[in-house]
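Chains as they are written, first to last, in this note's numbering: chain A, 995 to 1260; chain B, 995 to 1260; chain C, 11 to 304; chain D, 11 to 304.
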Amino acid sequence: MSQDYTLQELMAVFIARDLRDGEVLRVGVAMPVVEAAVRLAHVMHGPNMELIFLGTRMNVAHLHSLPMPAFGWDRRVVRWAESYSDTGHRFDRVKDWHQHVFFIGGVQVDRFGNSNLIGVGPDYRRLRFRGPGPVGTATLTTHVGRYYIVLNSHTPRTLVERCDYVSAFGWGTGGADARRQLGLPGGGPKYCVTPLCVMDFAEGDKHMRLHALHPGVSQADVQAQTGFDLTTSQPVPTTPQPTPEELHVLRTRVDLAGLLRSTKGE
Amino acid sequence: MSQDYTLQELMAVFIARDLRDGEVLRVGVAMPVVEAAVRLAHVMHGPNMELIFLGTRMNVAHLHSLPMPAFGWDRRVVRWAESYSDTGHRFDRVKDWHQHVFFIGGVQVDRFGNSNLIGVGPDYRRLRFRGPGPVGTATLTTHVGRYYIVLNSHTPRTLVERCDYVSAFGWGTGGADARRQLGLPGGGPKYCVTPLCVMDFAEGDKHMRLHALHPGVSQADVQAQTGFDLTTSQPVPTTPQPTPEELHVLRTRVDLAGLLRSTKGE
Amino acid sequence: MESTERQQRILGETDAAAWVESGMTIAVGSPPPMALVRQLIRRGVSDLTVIDSGLSLDLLIAGGCVRKVVSYYAGGGFGVAVAPSFRRAVEQGEIEVWECEEGILATGLQAAAQALPFLPWRGGVGTSLPQVNPDLKLMTDPIGGETLIAVPPVKPDVTLLHAATADPYGNVQHIGGPGWLDLFLHRAADRTIVQVERIIANEDTRANPWATTIPSVDAVVRAPYGAHPYYSRGFYVQDQAHLQAYVSAANASARENRPDDLVHYLATYCRQPATHADYLERVGIKRLLSLYEY
Amino acid sequence: MESTERQQRILGETDAAAWVESGMTIAVGSPPPMALVRQLIRRGVSDLTVIDSGLSLDLLIAGGCVRKVVSYYAGGGFGVAVAPSFRRAVEQGEIEVWECEEGILATGLQAAAQALPFLPWRGGVGTSLPQVNPDLKLMTDPIGGETLIAVPPVKPDVTLLHAATADPYGNVQHIGGPGWLDLFLHRAADRTIVQVERIIANEDTRANPWATTIPSVDAVVRAPYGAHPYYSRGFYVQDQAHLQAYVSAANASARENRPDDLVHYLATYCRQPATHADYLERVGIKRLLSLYEY
């Protein structure tokens, strides 16, 4: 393949296109693909989006460039604020989160979109791998209108049959009413976006299934790297390629330092 | 009698003397005697007191005068703020209220210091007299270190055997552990201050009893105006008179408009 | 809502007040957004459940808008122990009261804001509140076994607030802090309308984002002197004479069954003026200018 | 405490850090008050239960201060998925984890602040959290019968924060807002110590009281550049090179069992400098001045 965009750019553009104007986008730390995607959507087609980074709320559609931070914490992000999310009471208007969109990673993600940031190993007191912890994902995934699972790697260790621990409930053990039965008001995970493909959740049983294959990736490639049987709705389309305009905006107004270009696509 | 202070001034001075430096004083609306008392205490002996009025927190010991407001709501009070109490989350650090002091009135107050601001009449759906409602008194009296019941009138209709409704729990049906049994962490009412006298609560059964008689008032006068039997610890002293200094400070630094002087003492 | 520009949220007072329909639950902040309150009376909205305190509540009752009051305080401040129309209407059984208390109300509003079916509160344990309001349920805490009050969500359809300023996108800033429960009332509500003394530029908001007390409210209404006869911190103080006139009229109607003055007040100040500006003209610019803060 | 003058609350860094005794529960805000954190390591405080996230937590663990972590996030930001010393110590079973999550932690802190024996929260229902942390109890809500998590109070003995400024009486103001959970950590704590870049006059506080993010903290410590190697909004950005050096040393110790660099880091930056000023001298003024915000 000879496309001149990277996988990370492809992923960012896919996510950006799926975000709608007027939505509130909540982004945590250390997710450069997502940081780029929400900015791209905001300047491309989301003048009424609100971005929530690190407890600040902003709309920056009027700015020519929205550079990504080298790291997420200091004043270079919060300078854009119009307000602090609930004046330091970050969980005070949860009821409105049905308009909010969130993004989550995972040490493990299972076939029903449950996510594990706690750790790996059968004995919680003696984990083989200790993860970073749930951050705010249990609460956010409970309430937001929908969320995206975004992974940096697609391997059988990451995409597993069943999470050793669940720190964010996706569709549990399956079924379209799995969340309603537990009283979780949020809409659950919509897509799982990885370096190989995009997956969604089947309407009936909410099993993860192939939605789109990144250019040059086959269904067999994905299955070989996935720890559970992927159902599919054949034929699986190819993930839409970024347009020249999208790449131009992404590179000249968002990802000025080239974080997403640092490794080119295969 | 020929004292040149009013009953309201006497009451304010009594309360002011009982407040200790370092305490946090929470004052609601429409209690001029209390408004004066906390200011007087603050300038006389309380440089570390904090005053909480209408959601603002202040220390104004450095000011020459702390005039009382004609009404409590506008900027003329909040101009003194150092902060807003819990940034608009007024019940967020309740655990610290053991250092706080509060003041409460009542449509009815009963022999155990329970207070009723709801109304009078046997049928809640058809009250004979509808009161203003509990304001924040149920919460504040539950948690503050101690509080004062301050009444504008002392009659058998106000001081009753048993409140028709209880909107702030004092000592319930009596007993030193009445509050502990309910899990109420606050210290309960300390004094009930009226235009006739000061009453406290007996150590054992927490029955209201005479603590001090205002000058010129007899025990019989009080009992005649009280709807329950007042226990006493004889002999009942006279409420200490304001010193010239207290009156001077009260009149020249606090009650500049003479709200408490508008009716002279008998 | 695809659009190429960020959409403003400035609404005319009539359009904004039209969000409130008869039968709804509304919350009114502090100081009360009187321009909007008067609009409701003028429109003849009825059967409201109202979360409000003080004399704006009283006026809504006098104006015939109210079926039920979520009540924690219906006094009138200095000199008015109980709001007169509230008192009369409750004693006559004309309106229903959902009896609560400030901490309990804040808890119920917080439960609504946090999408929780209840929140526990201690204040009120031992009182008559759970008896007179059966929606407040005594519960045993599942960890320590203590007795608490389970407060259900209190959820306004529309919350109406008054503030100093807002930008065109609904970022509200106060001078001298938001009132009593304003932030709770906003967070719990489906929609919030804020009337302001001034609309400011979005750049002014960004100059001090911490000063944004409420972000992204649903509608902003420009209403200079809009809290009159109440105060608006940073702008003017309360008009005591006007309030006193209202209280006298309401008292005469409630206690002495002489409703003429109250009917006249409602006609003059609420029903006849077609706009807020018309109301201000009746009050008179000299009176308004006399209400300076210091 | 009778006195004729209002008492100041400014404390030296050593006196303030001495409030923390071995075995206590402490909370550390964001950005972490590194001057105080380094003091704790220098004093050899041990057996702490720590509510903290990120690399300040990691340093406290590496410094041997920690017995238990109230943990919701122990990543290191970009490029460091899991804080290395935290990961090693947990995998080795050397420290205990009270597993939670940001919303659950905020709820537990709120319960402590409100003197409640529990508060309910929905986030976490359906997850493994109630299994791996038995203090989180599933409960049935007494009003609607829904399943929620009952979160017990989380109560620090001492909370340590970093902020932009405070006046001598403990009124704290931030630039760019307080961190993550700072306000929750303060409200829940028995005592709060705030280190600040600058001490300001009380008159400056009064000039903008809404900017007071935390009133009346128990102690104020002057610590210019006190958050280094972290950012302090309004003053300086993060020192990525310094943090990277720490992460490399901690990784070498944790993953490759080569503890020399970490021992050296702890000695050089935490144990040997007698004061925060001595630490800054080791970092060097040129490095510090290079960390300007824009």
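Here a beta-carbon is modelled for each residue, glycine too, at the ideal position from N, C-alpha and C.
Beta-carbon contacts of residue 192 of chain D that lie in its chain and below 6 Å, excluding the five residues immediately before and after
Mapped onto the fourth sequence, residue 192 of chain D falls at position 182. For residue 192 of chain D, where only same-chain residues beyond five positions count, the Cβ hits under 6 Å are 39, 171.
Is there at least one Cβ from chain D nearer than 9 Å to residue 154 of chain C's Cβ?
Within the third sequence, residue 154 of chain C is the residue found at index 144, counting from 1. Interface residue, yes.
So which residues of chain B does residue 106 of chain D contact, with C-beta pairs closer than 8 Å?
Residue 106 of chain D sits at position 96 when you count from the first residue of the fourth sequence. The contacting residues do not exist; residue 106 of chain D stays about 25 Å from chain B at best.
Between the beta-carbon of residue 245 of chain C and the beta-carbon of residue 130 of chain D, is there less than 9 Å?
Translated into the one-based positions of the third sequence, residue 245 of chain C becomes position 235. Translated into the one-based positions of the fourth sequence, residue 130 of chain D becomes position 120. One thing to note: residue 245 of chain C has its Cβ no nearer than 9 Å to the Cβ of residue 130 of chain D.
Would you tell me roughly how many angstroms separate the C-alpha atoms of residue 1010 of chain B and residue 215 of chain D, rounded to the nearest one?
Looking up residue 1010 of chain B in the second sequence gives position 16. Looking up residue 215 of chain D in the fourth sequence gives position 205. Spanning the two alpha carbons is a distance of roughly 27 Å.
Considering only C-alpha positions, which residue in the set B:1042, B:1090, B:1055, B:1094 is nearest to residue 1019 of chain B?
The residue you call residue 1019 of chain B lines up with position 25 of the second sequence. Check the Cα spacing between residue 1019 of chain B and each of B:1042, B:1090, B:1055, B:1094: the tightest is with B:1094.
Using the three-state DSSP reduction, which class does residue 1008 of chain B fall into: helix, strand or coil?
Position 14 of the second sequence, counted from the start, is the residue given in the question as residue 1008 of chain B. Residue state, collapsed to three classes: helix.
For chain D, is any of its Cβ atoms less than 9 Å away from the one on residue 1161 of chain A?
Numbered from its first residue, the first sequence carries residue 1161 of chain A at position 167. Yes, because at least one Cβ of chain D sits closer than 9 Å to the Cβ of residue 1161 of chain A.
Can you list, in chain order, the residues of its chain whose CB lies under 6 Å from that of residue 202 of chain D, leaving out five sequence neighbours each side?
Your numbering for residue 202 of chain D matches position 192 in the fourth sequence. If we look at residue 202 of chain D and ignore the five residues flanking it on each side, its Cβ neighbours are 169, 196, 227, 228.
Are any of the Cβ atoms in chain D nearer than 9 Å to that of residue 1081 of chain B?
Position 87 of the second sequence holds residue 1081 of chain B. Any answer about residue 1081 of chain B is weak, because its pLDDT of 49 lies below 50 and its placement is not dependable; what the coordinates show is given next. So, interface residue.
Neighbour flag for residue 11 of chain C against chain A, beta carbons, 9 Å
If you number the third sequence from 1, residue 11 of chain C lands on position 1. With a pLDDT of 45 at residue 11 of chain C, under the threshold of 50, the predicted position of this residue should be treated as unreliable, though the coordinate-derived value follows. Taking Cβ atoms only, chain A reaches closer than 9 Å to residue 11 of chain C, which makes this a yes.
Assess, as a yes-or-no matter, whether the region 130 to 140 of chain D is touched by the region 92 to 102 of chain D under the definition of 3 or more beta carbon pairs within less than 8 Å.
no
Residues bridged to residue 1078 of chain B (per DSSP):
To locate residue 1078 of chain B, count along the second sequence from 1; it is residue 84. B:1050, per the DSSP bridge assignment.
Spell out whether any CB of chain C is found under 9 Å from the CB atom of residue 1100 of chain B.
Translated into positions along the second sequence, residue 1100 of chain B becomes position 106. Not one chain C Cβ lies under 9 Å of residue 1100 of chain B.
Suppose the cutoff is 6 Å on Cβ atoms and the five residues either side in sequence are ignored; what does the same chain contact list for residue 1216 of chain B look like?
As a first step, residue 1216 of chain B must be located in the second sequence, where it is residue number 222. Excluding positions up to five away in sequence, the list reads 1190, 1191.
Are residue 1127 of chain B and residue 85 of chain C touching if we call contact CB-CB under 9 Å?
The residue given as residue 1127 of chain B occupies position 133 in the second sequence. The residue given as residue 85 of chain C occupies position 75 in the third sequence. Yes; because the gap between Cβ atoms is below 9 Å, this pair is in contact.
I need the straight-line Cα distance from residue 1099 of chain B to residue 1021 of chain A, nearest angstrom please.
The residue you call residue 1099 of chain B lines up with position 105 of the second sequence. The residue you call residue 1021 of chain A lines up with position 27 of the first sequence. Cα-Cα distance, rounded: 50 Å.
As a quick exercise: from A:1132, A:1090, A:1243, A:1247, pick the residue whose alpha carbon is nearest that of residue 109 of chain D.
Translated into the one-based positions of the fourth sequence, residue 109 of chain D becomes position 99. Ranking A:1132, A:1090, A:1243, A:1247 by Cα distance to residue 109 of chain D puts A:1132 first.
Can at least three beta-carbon pairs, one atom from the region 54 to 61 of chain D and one from the region 22 to 35 of chain D, be found at a separation below 8 Å?
yes
Would you kindly check if the distance between the Cβ of residue 1143 of chain A and the Cβ of residue 1125 of chain A is under 9 Å?
Locating residue 1125 of chain A in the first sequence gives position 131, where the first residue counts as 1. Locating residue 1143 of chain A in the first sequence gives position 149, where the first residue counts as 1. Contact check for residue 1125 of chain A against residue 1143 of chain A fails: the beta carbons are separated by 9 Å or more.
When you compare the CB of residue 1110 of chain A with every CB in chain C, is at least one pair closer than 9 Å?
Stepping through the first sequence from its first residue, residue 1110 of chain A is reached at position 116. Not one chain C Cβ lies under 9 Å of residue 1110 of chain A.
Going by CA-CA distance only, name the one from B:1092, B:1121, B:1088 that's closest to residue 125 of chain D.
Stepping through the fourth sequence from its first residue, residue 125 of chain D is reached at position 115. Comparing Cα-Cα distances from residue 125 of chain D to each of B:1092, B:1121, B:1088, the minimum goes to B:1088.
Can you list the alpha helix (DSSP H) stretches of 4 or more residues lying completely in the region 1124 to 1189 of chain A, in chain order?
1131 to 1137, 1172 to 1176
Is there a Cβ from chain A that is less than 9 Å from the Cβ of residue 176 of chain C?
Walking along the third sequence from the start, residue 176 of chain C turns up at place 166. So, not an interface residue.
Closest Cα partner of residue 70 of chain C within the set C:36, C:209, C:156:
Translated into positions along the third sequence, residue 70 of chain C becomes position 60. Closest option to residue 70 of chain C, Cα to Cα, is C:36.
Return helix, strand or coil for residue 296 of chain C, following the three-state DSSP convention.
Working through the third sequence from its first residue, we reach residue 296 of chain C at position 286. Correct three-state label for residue 296 of chain C: helix.
Find the nearest neighbour of residue 25 of chain C within the set C:213, C:46, C:42, C:34, judged by alpha-carbon distance.
Against the third sequence, residue 25 of chain C aligns to sequence position 15. Ranking the options by Cα distance to residue 25 of chain C, first place goes to C:46.
Chain A residues whose Cβ lies nearer than 8 Å to that of residue 179 of chain C:
Stepping through the third sequence from its first residue, residue 179 of chain C is reached at position 169. For residue 179 of chain C, the residues of chain A that pass the 8 Å Cβ criterion are 1053, 1076, in the order they occur in the chain.
Between residue 1054 of chain A and residue 16 of chain C, what straight-line distance do the alpha-carbon atoms span, to the nearest angstrom?
Residue numbering aside, residue 1054 of chain A sits at position 60 when the first sequence is read from its first letter. Residue numbering aside, residue 16 of chain C sits at position 6 when the third sequence is read from its first letter. The straight-line gap from Cα to Cα measures roughly 10 Å.
Give me the residue from C:102, C:76, C:145, C:118 with the minimum Cα distance to residue 1115 of chain B.
On the second sequence, position 121 is the one that residue 1115 of chain B refers to. For residue 1115 of chain B, the nearest C-alpha among the options comes from C:102.
Beta carbon proximity, residue 1118 of chain B to chain C, threshold 9 Å:
Position 124 of the second sequence, counted from the start, is the residue given in the question as residue 1118 of chain B. So, interface residue.
How big is the Cα-Cα spacing for residue 65 of chain D and residue 158 of chain D?
As a position in the fourth sequence, residue 65 of chain D is number 55, starting the count at 1. As a position in the fourth sequence, residue 158 of chain D is number 148, starting the count at 1. Residue 65 of chain D and residue 158 of chain D: Cα-Cα distance of roughly 32 Å.
Do three or more CB pairs link the region 250 to 268 of chain C to the region 206 to 214 of chain C at distances below 8 Å?
no
Based on the DSSP output, what are the partners of residue 1018 of chain B in its beta bridges?
By 1-based counting over the second sequence, the position of residue 1018 of chain B is 24. Partner(s): B:1044, B:1094.
Confirm, please, whether the CB-CB distance from residue 144 of chain C to residue 182 of chain C is below 9 Å.
Taking the first residue of the third sequence as position 1, residue 182 of chain C is located at position 172. Taking the first residue of the third sequence as position 1, residue 144 of chain C is located at position 134. No, the pair does not count as a contact, with Cβ atoms beyond the cut-off.
Tell me the DSSP secondary structure of residue 194 of chain D in three-state form.
Walking along the fourth sequence from the start, residue 194 of chain D turns up at place 184. Residue state for residue 194 of chain D is assigned as helix, using DSSP reduced to three classes.
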